[in-house]
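Peer 1: Numbering (the numbering used here), first residue to last: 20 to 329. Take this structure first; my questions come after.
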Ligand SMILES: [Zn+2]
């Protein structure tokens, strides 16, 4: 605790604050706050250089001003192939088509079916009238041919690796709040085509108390995420270690030397503190990158079968 207390009252080590506030007397956590801002920005800028191209902006429709907007989330529907031989469409598995149920701002997606090709796409609609979902505990219903499909078929398709996903809506940052937009081919393609070069083969628990995902063919932790999410996670994980090295280099190892004497656990502690600093900073400043994976992480813990890839 003493080490934390001393660290808490340190002057910042980042070069920008050292130069700007040469004679400032630092109180309480002011120095730490300066470092959190500086190294958090460093991480954000580095992440932007490395993976920013995977997160393009979206052009708003004319009724929203027509400018480019930052995407907050991509909402996907998992799909399986309809077993009806006369149909064979990709069935979206959705508990609900509603995107927002807020009174006066109701928004939902309409599945528009091409009766010739049996391919469907989604269009965002406003107002009341969202259709009922296509899936429940017993199974799913094909919205192209109308047949009901038992839940066993969904599991078989998942375990055979034939479960896919289709972009349902894009959520963008608008001046007055969230804007729901119809999917764009560019955004769907980027997510599907990018590949993570890291292999994570750790398996999910198959204990029925914990996870339903393995029953649907999502066997490994990596199956819960898209490649783009995995790339974002590994990029931030790399940056935590790199930021730690930058902090030490900027402090000329003063931080290590002073704290090493005070606490033999410094190595672990300092990394935890740095990680905590960065997580807090992400939450405040870096919604663009982190919100989606933090949400996905918690969503996967809470209800893996509903996890939507981003
Ligand atoms: Zn069908």
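By construction, the Cβ of each residue, glycine as well, lies at the ideal position given by its N, Cα and C atoms.
Work out the CA separation of residue 148 and residue 118 for me, nearest whole Å.
Peer 2: If I take the Cα positions, the gap works out to 12 Å.
Peer 1: Which residue's Cα is closest to the Cα of residue 153: 53, 105 and 128?
Peer 2: Selected option, being the one with the closest Cα: 128.
Peer 1: Is there contact here, the region 61 to 81 with the region 98 to 114, by at least three beta-carbon pairs under 8 Å?
Peer 2: Counting Cβ pairs under 8 Å, fewer than three are found: no touch.
Peer 1: Please identify the residue among 210, 165 and 190 whose C-alpha is closest to the C-alpha of residue 134.
Peer 2: The candidate whose alpha carbon is nearest that of residue 134 is 165.
Peer 1: Starting from residue 160, trace the beta strand (DSSP E) both ways and give me its first and last residue.
Peer 2: Note, residue 160: beta strand (DSSP E), 158 to 160.
Peer 1: Let me know the beta strand (DSSP E) ranges lying completely inside the region 229 to 271, each 3 residues or longer, listed in chain order.
Peer 2: Here no run is fully enclosed.
Peer 1: Tell me the DSSP bridge mates of residue 185?
Peer 2: 96, per the DSSP bridge assignment.
Peer 1: Alpha carbon to alpha carbon, what distance is there between residue 259 and residue 53?
Peer 2: Approximately 17 Å between the Cα atoms of the pair.
Peer 1: Could you check if residue 108 belongs to the surroundings of ligand 1, using beta carbon to heavy atom distance under 6 Å?
Peer 2: Answer for residue 108: yes, Cβ within range of ligand 1.
Peer 1: Here's a check: name, in chain order, each residue in its chain whose Cβ is nearer than 8 Å to the Cβ of residue 257, leaving out the five neighbours to either side.
Peer 2: So the list is empty, once near-sequence residues are dropped.
Peer 1: In terms of alpha-carbon separation, which member of 170, 30, 188 and 50 lies closest to residue 205?
Peer 2: Nearest C-alpha to residue 205: 188.
Peer 1: Give the DSSP bridge partners of residue 205, in chain order.
Peer 2: Beta-bridge pairing links residue 205 to no other residue.
Peer 1: Compute the minimum distance between the beta carbon of residue 163 and the heavy atoms of ligand 1, and state whether it is under 6 Å.
Peer 2: Result yes, Cβ under 6 Å from ligand 1.
Peer 1: Do the region 53 to 72 and the region 139 to 147 make contact, defined as three or more Cβ pairs closer than 8 Å?
Peer 2: No, the region 53 to 72 is not in contact with the region 139 to 147.
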